[in-house]
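In this note's numbering, the protein residues as written are 521 to 641. Contents: one structure, followed by commentary.
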Amino acid sequence: VASADAPPVAPTGLAAKAANGAVALSWTANSEADLAGYRVYRATSTPVPTTGTPLSGASLVPSPAYTDTTAVNGTTYFYTVKAVNANGTSGASNEASATPSAPTGGPVKINSGGPAASLGE
């Protein structure tokens, strides 16, 4: 039974999805009525330390999602999240990892239709 004077429980269900120069994080929202927000932590190895300034900065993340736009393509990042209320900070969530990368597409389309260009006329 949770006490109204207790810190929140650790967030669950953390998932990371890589993008081009970013990692999108999502997790299951905490159910505490007095939840103030979340802190996101990142490292390039595991376990992710949860001391010092969070990746999310001094401000709390208000919803159960965060996009790391400082991620560098080709680097694997590990993340964890903590919930915060007026009575303290939760333990860390599960860890999730992702490696952002630039998109790899098919062949580049030079001419999308119309008459062919003639060179040297």
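Ideal placement from N, C-alpha and C gives every residue a C-beta, glycine not left out.
- request: Kindly indicate which three-state DSSP category Ser546 falls into: helix, strand or coil?
  value: Here residue 546 is taken as the residue at index 26 of the sequence shown, counted from 1. The three-state reading of DSSP puts Ser546 in strand, counting E and B together.
- prompt: What do you get for Asp652, buried or exposed, if any count of 16 or more other CB atoms within 10 angstroms of its CB means buried?
  reply: One cannot answer for residue 652 here, as it falls past the ends of the chain, which runs 521 to 641.
- request: Please list, in chain order, all residues of the same chain as Leu575 whose beta carbon is under 7 Å from its beta carbon, the five residues on each side excluded.
  value: By 1-based counting over the sequence shown, the position of residue 575 is 55. Leaving aside the five residues that flank Leu575 on each side, the residues in its chain whose CB is nearer than 7 Å to its CB run, in chain order, Val560, Tyr561, Arg562 and Asp588.
- request: Please classify Ala618: is it buried, with 16 or more other beta-carbons within 10 angstroms of its beta-carbon, or exposed?
  value: Translated into the one-based positions of the sequence shown, residue 618 becomes position 98. Burial call: buried.
- prompt: Do you know whose CA, among Val601, Val592 and Glu615, lies nearest Gly676's CA?
  reply: The structure shown has nothing for residue 676, since the chain only spans 521 to 641.
field: Among Thr609, Val529, Ala535 and Glu615, nearest to Leu580 - alpha-carbon criterion
entry: Position 60 of the sequence shown holds residue 580. Closest option to Leu580, Cα to Cα, is Thr609.
query: Helix, strand or coil: how does DSSP classify Glu641 here?
result: To locate residue 641, count along the sequence shown from 1; it is residue 121. Unreliable positioning characterises Glu641 in this predicted model, as indicated by a pLDDT of 46, which lies under 50. The coordinate reading is nonetheless provided below. Glu641: coil per DSSP, three-state reduction.
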